[in-house]
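Below is one structure, written out as structure tokens, with a few remarks after it.
Protein chains: 2
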Amino acid sequence: MEQSRKTAPRTRERTPKRNGITQPTLQDVADAAGVSTATVSRCLNSPEQVTVRTRDRVLSVVKKLGYAPNFGARALAAKRTNTIGAIIPTMENAIFARGLQAFQEELAKHGLTLLVASSSYRPDLEEDQIRTLLARGADALLLIGFERSASVYAQLEQRGTPYVISWSQKEDRRHVAVGFNNHTAMKALAARVFDFGHEHIAVISAPQAENDRARDRVQAVLDATAERGLDPQKVAVIETPYSVENGAEAMGELLSLQPRPTAVLCGNDVLAVGALGQAQSLGLSVPGDVSVTGFDDIEIARIVRPALTTVHVPHREMGRQAARAIAGLLKGEEAPVEGPLLTRIVERDSLGPAPNTVLDRDN
Amino acid sequence: MEQSRKTAPRTRERTPKRNGITQPTLQDVADAAGVSTATVSRCLNSPEQVTVRTRDRVLSVVKKLGYAPNFGARALAAKRTNTIGAIIPTMENAIFARGLQAFQEELAKHGLTLLVASSSYRPDLEEDQIRTLLARGADALLLIGFERSASVYAQLEQRGTPYVISWSQKEDRRHVAVGFNNHTAMKALAARVFDFGHEHIAVISAPQAENDRARDRVQAVLDATAERGLDPQKVAVIETPYSVENGAEAMGELLSLQPRPTAVLCGNDVLAVGALGQAQSLGLSVPGDVSVTGFDDIEIARIVRPALTTVHVPHREMGRQAARAIAGLLKGEEAPVEGPLLTRIVERDSLGPAPNTVLDRDN
DNA sequence: GTGATAAATGTAAGCGCTTACATTCAATCT
DNA sequence: AGATTGAATGTAAGCGCTTACATTTATCAC
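Chains A and B, in that order, give the protein sequences.
Numbering-wise, our numbering puts 162 at position 160 of the first sequence, and it's gapless, one number per residue.
Numbering-wise, our numbering puts 362 at position 360 of the second sequence, and it's gapless, one number per residue.
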């Protein structure tokens, strides 16, 4: 194995690190293939610029040596990392998992890697995470929902870092968004609830402050109420963070109201599952005595008994489209201007007709 | 071709990128603070080496300029990224979410960032992901379970990349592991099932090939069976990937067996939930007609009715300890040699006494 | 063939940081 | 005072890659 180093001014001994192990470098490959580092680099990054002959030779050396480019060096020289950062509110339940998985899979097809951080629904933490992700070289970001401080947007704008907003969609054309219209979706569900004859409804929502999606959903219920000629003021709304326990607790409160609501619309499936369980624990039949609806259509919605009537959100499609939008933005393409993704109501068993028993309002 | 320009006095104009935006560099900070780049670097990385006076001045400039170190450059120069890679089988259900969240939180305390990839339970994909993560500069890895090809281990060893194995724990001291003993845990549960008088039991497991955790759990049931003087051969075992649907389907098969098992032990909660639903759909009472148990104790175990009797795995603690182990390894500390984490049986409502109806074995 | 043009390849200048080593400086000792 | 010492700081050499530009080689019209 003699390598004819024609020009080897490179006297430097490769300094092995700690245990004498060193990864092969571009130079090693170039030497072994008898070409320059530039050519090797081109074989890897823009193969069409290189003769087939050369390319094959180089690639076989790459394989033989087990060469893998050094991430830091590449990032430094190319000024991009091919990394996309995503900040989601939580990793702990399935709400974002499905969409994120699809997002990642689609990114991978474009040679992009996903870096995930979670904000625990806290705007201050979200800012930290954005900073961290940018510091780690994220070329672009996926953000959930529109609502965040102007300074965050300003910073992204100023850096020229592309981002797309997801899980929400509005007419607001200042931001690139791939999502669905939370208001429309929830309003349709509320209308359906009214179709079932319910007149006393209530809402369990995530905290609305700093969460436009939650706010849109609640507002949709109130708007639908008004459209039916009912008084939105009378719709009880409880805010509580997304969790089964909180859903149960909120349901407990709502069920002790006078008049007792006959339908409870929940801001997401997790709350709904809690509410459902609570109603049953209190000896009420769902939907016989009280109907419960969810939002998202995550797996658990199908599993509980009665299965949840909820709003199906095309998470996978959303993730996929978001990834495509980001890949496009990175290539300098125009922002896609597609309309919102369509949600649909999934009617299962937790929504039924309002009980026609006389309400105890008047005693 | 003489390029004897030995001293190229840094005349270079800072070339702004595309939109004229440029992040401040170390040099900018150094200039503004009237010190060398080395000092600025030290202020950031080992503040104790610098006078308080200097440090304060430098840090204030850092803040004023909004300086953030360039990740690639840092990685390249320091030969580490402070990034830990984790490859988990799936992101889509909650099995790994809780532990991973804790893992990440603890890593953050040590200044480390988590990069997650998922393998879809496929060894070949896992290898790809490992390669990807390493290429992206992961300083260390979190791996789930022991079982993977020797070449993967060899490669890690050869590169000198530290890793810790989690979600499993064995006497095998060749690898650093932070986990629990799947065999012990499942055997205890099986024993409990036998205590309830069950004699005809069955198992729904994840595919055992390439998954030591699944294998340990199944083997534990068989061992417990033998210890009770029953014939392990008669324990029906169905293998199917983790999902509610698959759990349901497998349950359907098991329930048509003669004699029909009176207790079905599932490899995890997701399968158990599916099994539970299926039994109920077929008009059987759980645990009246058939008992079902899970494994993991994820949220859904508490939610289904009857609530699942399952094995509680201290995922958070596991994640935390794994992170500490990795941080230690990275600092050159010895591998921790703690015993396995302790699991405990959570008795809820899906496991009950064996039905004392006469079995239809003899007709 | 010749020259012009295009395609393939090579050369080498950085990218922004860390760190070994050199230098300066102040405190302490003789 | 001068010598000694250790802490603080500066100098500058890379880290491994990409890419603008220079050079070589192939292609083609005439």
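Beta carbons are placed, not taken as given, at the ideal position from N, Cα and C, and that holds for glycine.
Remember, predicted model here, so these are calculated numbers, not experimental data.
Check whether residue i and residue j have beta carbons under 9 Å apart
i, j, result
"GLN443 (chain A)", "GLY254 (chain A)", "This structure cannot speak to residue 443 (chain A), because chain A is shown only from 3 to 365."
"GLY366 (chain B)", "LEU78 (chain A)", "The first residue shown for chain B is 3 and the last is 365, placing residue 366 (chain B) beyond what the model contains."
"LEU278 (chain B)", "SER352 (chain B)", "yes"
"ILE86 (chain B)", "THR115 (chain B)", "yes"
"LEU61 (chain A)", "ALA34 (chain A)", "no"
"LEU117 (chain B)", "ALA140 (chain B)", "yes"
"THR242 (chain A)", "ILE203 (chain A)", "no"
"ASN84 (chain B)", "THR27 (chain B)", "no"
"ASN95 (chain B)", "VAL313 (chain B)", "no"
"ALA238 (chain B)", "LEU224 (chain B)", "no"
"ASN183 (chain B)", "ASP218 (chain B)", "yes"
"VAL266 (chain A)", "LEU310 (chain A)", "no"
"GLY113 (chain B)", "ALA356 (chain B)", "no"
"PRO30 (chain B)", "TYR69 (chain B)", "Correcting the residue identity first, residue 30 (chain B) is Asp in this sequence and not Pro. In contact: ASP30 (chain B) and TYR69 (chain B) (Cβ atoms closer than 9 Å)."
"ALA226 (chain B)", "ALA252 (chain B)", "no"
Where residue i meets chain A, residues with beta-carbon distance less than 7 Å
i, result
"GLN366 (chain B)", "This structure cannot speak to residue 366 (chain B), because chain B is shown only from 3 to 365."
"VAL178 (chain B)", "Near VAL178 (chain B) there are no residues of chain A at all, since even the closest Cβ is about 17 Å away, more than 7 Å."
"VAL275 (chain B)", "ILE305"
"GLY279 (chain B)", "ILE305"
"THR295 (chain B)", "None at all; the shortest Cβ gap to chain A is about 17 Å."
Three-state class that DSSP yields for residue i in the structure shown
i, result
"GLU241 (chain A)", "strand"
"ASN105 (chain B)", "The amino acid at residue 105 (chain B) is misidentified as Asn; the sequence shows Phe. Three-state DSSP puts PHE105 (chain B) in a helix."
"GLU192 (chain A)", "Rather than Glu, the amino acid found at residue 192 (chain A) in this sequence is Ala. If DSSP states are grouped into helix, strand and coil, ALA192 (chain A) belongs with the helices."
"PHE73 (chain B)", "helix"
"THR53 (chain A)", "coil"
"MET3 (chain A)", "Low confidence applies here, because MET3 (chain A) scores a pLDDT of 32, under 50, leaving its location unreliable and the question unanswered by this model."
"SER283 (chain B)", "helix"
"ILE300 (chain B)", "coil"
"LEU145 (chain A)", "strand"
"ARG307 (chain B)", "coil"
"SER62 (chain A)", "helix"
"LEU257 (chain B)", "helix"
"VAL288 (chain A)", "coil"
"VAL313 (chain B)", "strand"
"THR264 (chain A)", "coil"
"LEU343 (chain A)", "strand"
"ARG350 (chain B)", "coil"
"VAL294 (chain B)", "strand"
"SER151 (chain A)", "coil"
"THR27 (chain B)", "coil"
Within chain B, partners of residue i - CB distance below 8 Å
i, result
"GLU301 (chain A)", "ASN95 and VAL246"
"ALA265 (chain A)", "In chain order: nothing, as chain B lies at least about 21 Å away."
Per-residue contacts from residue i into chain A (C-beta, under 9 Å)
i, result
"PRO71 (chain B)", "ALA137"
"ALA152 (chain B)", "Near ALA152 (chain B) there are no residues of chain A at all, since even the closest Cβ is about 16 Å away, more than 9 Å."
"ALA337 (chain B)", "Simply none; closest approach about 16 Å."
Contacts that residue i makes with chain B (C-beta to C-beta distance below 7 Å)
i, result
"LEU344 (chain A)", "Those do not exist, as LEU344 (chain A) stays about 23 Å from chain B at its closest Cβ, beyond 7 Å."
"GLY269 (chain A)", "What GLY269 (chain A) touches in chain B: nothing, since even the nearest Cβ is about 17 Å away."
"VAL118 (chain A)", "VAL118"
"ALA208 (chain A)", "Simply none; closest approach about 17 Å."
"ALA99 (chain A)", "MET93 and GLU94"
"THR311 (chain A)", "What THR311 (chain A) touches in chain B: nothing, since even the nearest Cβ is about 17 Å away."
"THR242 (chain A)", "Within chain B, no residue comes near THR242 (chain A); the closest Cβ sits about 16 Å away, beyond 7 Å."
Amino acids of chain A, ordered along the chain, whose beta-carbon sits closer than 8 Å to that of residue i
i, result
"GLY330 (chain B)", "Simply none; closest approach about 17 Å."
"THR83 (chain B)", "PHE73 and GLY74"
task: Answer yes if the segment 131-151 of chain B comes into contact with the segment 80-92 of chain B, meaning at least three C-beta pairs across the two stretches below 8 Å, and no otherwise.
output: yes
query: Okay, do the segment 102-122 of chain B and the segment 310-326 of chain B touch, 3+ Cβ pairs below 8 Å being the bar?
result: yes
- request: Flag this pair as touching only if the segment 175-187 of chain B and the segment 337-350 of chain B have three or more C-beta atom pairs under 8 Å; answer yes or no.
  value: yes
field: Stretch-stretch touch, CB-based, cutoff 8 Å, three pairs: the segment 290-302 of chain B with the segment 290-299 of chain A
entry: no
- request: Starting from the N-terminal side, write out each stretch of the beta strand (DSSP E) that is 3 residues or longer and does not extend beyond the segment 85-139 of chain B.
  value: 85-90 and 115-120
query: How do the segment 27-45 of chain A and the segment 48-58 of chain B stand: do at least 3 beta-carbon pairs fall below 8 Å, yes or no?
result: no
field: the segment 169-181 of chain B touching the segment 334-342 of chain B, judged by at least three CB pairs closer than 8 Å
entry: yes
- request: Scan the segment 157-218 of chain B and note each continuous alpha helix (DSSP H) run of 4 residues or more that stays entirely inside, going in chain order.
  value: 184-197
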